[in-house]
Amino acid sequence: MAGFRLPPNSRIRKGLTHRATPGAGEVRAVRIYRFDPTSGQNPRLDTFELDVKGCGPMVLDALIHIKAAVDSSLTFRRSCREGICGSCAMNINGVNRLACTTAMQDLSGAIRIYPLPHMSVVKDLVPDLTDFYAQYASVKPWLQARTPAPPDRERLQSKEEQERIDRPAACILCACCSTACPSYWWNSDRFLGPAALLAAYRWIVDSRDEATGERLDELQDPFRLYRCHTIMNCTDACPKDLNPAKAIAEIKKLLVERQC
Amino acid sequence: MSLRSPLGRVLGTGSAKEGVQHWWLQRLTSLALVPLSIWFVVSLLSLPSFDHAIVAAWMSQSWTALLLVLFVVVGAWHSQLGVRVVVEDYVHATGVRTLTLVVVTFAHALLAAAGVFAILKVAFGSAA
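Chains as they are written, first to last, in this note's numbering: chain A, 1 to 260; chain B, 1 to 128.
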């Protein structure tokens with residue numbers, strides 16, 4: 001059954017406070033979820049008093065500054081720092097977003113940073129995305145066609161055909177959408193989640209793909225697809241302004257249309 | 001602990017290749033319930049009073065009885081489809097889930113049958 005409280009070993013206790021150095025300019029409190037699996041202790045919420053003038057403008061800059069100057073054990077994923085790799089997705093002030101594209105001045109009050117919700121935590125802000133990636137792999141996110149490609153050039157698409165996959169193909173697999181979805185929280189073992197379904201849609205509407213029917217067959221399932229109840233947290237959360245909720249609705253529409 | 005691969009876990013027992021019918025019926029029944037619910041509320045409110053004789057006389061009219069039967073059957077059907085989704089969402093143990101779904105289906109069938117029976121009984125006058 002879905003639970004109302006966190007399991008006892010996941011409940012967050014009060015953490016350490018790292019004071020700002022005297023004479024610091026503009027100080028902001030950054031509260032960060034900390035969890036070390038080797039400590040045997042429950043997660044805790046540490047407070048870092050940050051001199052905002054001393055680091056860059058984004059939340060990721062604050063994290064990098066804290067790791068470099070205050071606590072080197074702080075663990076998080078990051079790579080491109082420009083919103084294209086999807087590594088630094090985390091829950092910032094209650095919203096799933098990328099730390100690198102979230103400016104601190106757009107956040108009010110203390111900055112609260114947690115890992116993506118309802119995932120197993122590897123350490124601090126690093127969630128275990130193993131199943132998330134397996135769900136992506138399960139929709140066979142590659143071109144399947146029986147017609148061989150022309151020997152002398154690529155498989156062609158019209159401009160309109162390309163536009164159908166243009167937005168869905170811009171997904172960076174950051175997992176902000178899936179981990180914002182209540183249906184995914186309760187049934188992530190069987191529901192594929194918005195990210196994998198958006199990827200499936202991207203191949204279903206690809207004019208070059210010839211496995212559309214098989215793809216729809218694989219999705220037609222009370223759990224894999226129909227756990228989606230159009231809550232639309234996914235679309236709200238997407239840092240790339242994509243629309244997984246609409247893609248899922250389009251898949252449901254195609255499933256009805258092929259039997260009417 | 002399982003050493004099965006993550007992809008193996010996700011693929012599980014495969015697609016049920018079912019679900020579109022449930023989804024479509026849920027939409028159809030909700031569509032049908034829009035006019036039926038409006039008709040039900042408006043007709044009830046336009047009765048001069050809720051005295052037994054007046055309501056019974058209203059229910060004995062052919063159109064009223066017909067639409068009431070539709071309202072009860074479609075309403076129970078829609079409710080069964082919806083409650084099924086709620087159970088699938090929140091009840092995770094397979095055995096308990098299956099048992100709950102059986103109970104929910106039987107309860108809705110019973111409610112629908114009882115509703116239709118009551119309407120017909122009043123409509124054909126034996127309860128008046």
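The beta-carbon is built from N, C-alpha and C at its ideal position, and this holds for glycine as well.
Proximity of residue 209(A) and residue 145(A) at Cβ, strictly below 8 Å: yes
Three-state class that DSSP yields for residue 128(B) in the structure shown: Since pLDDT at residue 128(B) reaches only 45, below the 50 mark, its modelled position is unreliable, and the value read off the structure follows with that caveat. Of the three classes helix, strand and coil, the one that applies to residue 128(B) here is coil, per DSSP.
Listed by chain order, chain A residues near residue 81(B) by CB distance under 9 Å: Simply none; closest approach about 11 Å.
Span of the alpha helix (DSSP H), counted from its first residue to its last, around residue 198(A): 193-204
Entirely enclosed alpha helix (DSSP H) segments - the region 20-89 of chain B, minimum 4 residues: Fully enclosed alpha helix (DSSP H) runs of no fewer than 4 residues occupy 20-45, 52-60 of the region 20-89 of chain B, in order along the chain.
Cβ contact check for the region 12-31 of chain B and the region 96-116 of chain B: 3 or more pairs under 8 Å: no
Beta-carbon spacing of residue 234(A), residue 245(A) below 8 Å: Result yes, Cβ atoms of residue 234(A) and residue 245(A) sit closer than 8 Å.
Residue interval of the alpha helix (DSSP H) (run including residue 92(A)): Element bounds for residue 92(A): not the alpha helix (DSSP H) but the beta strand (DSSP E), 89-92.
C-beta neighbour in chain B for residue 9(A), strict 8 Å: Output row for residue 9(A): interface = no.
Complete alpha helix (DSSP H) runs within the region 133-197 of chain A (minimum length 4 residues, chain order): Given a length threshold of 4 residues, each whole run of the alpha helix (DSSP H) inside the region 133-197 of chain A is given here in chain order: 159-166, 182-187.
Chain B within 8 Å of residue 128(A), Cβ atoms only: no
Spatial neighbours of residue 74(B) in its chain, beta-carbon cut-off 7 Å, leaving aside the 5 residues before and after: 29, 32, 33, 36
Residues within the region 72-99 of chain B neighbouring chain A, beta-carbon criterion of under 7 Å: 88, 89, 90, 91, 92
Paired residues, beta bridge with residue 46(A) - DSSP: 32(A)
Beta-carbon proximity of residue 31(A) to residue 50(A), cut-off 8 Å: no
Where residue 59(A) falls: helix, strand or coil (DSSP): helix
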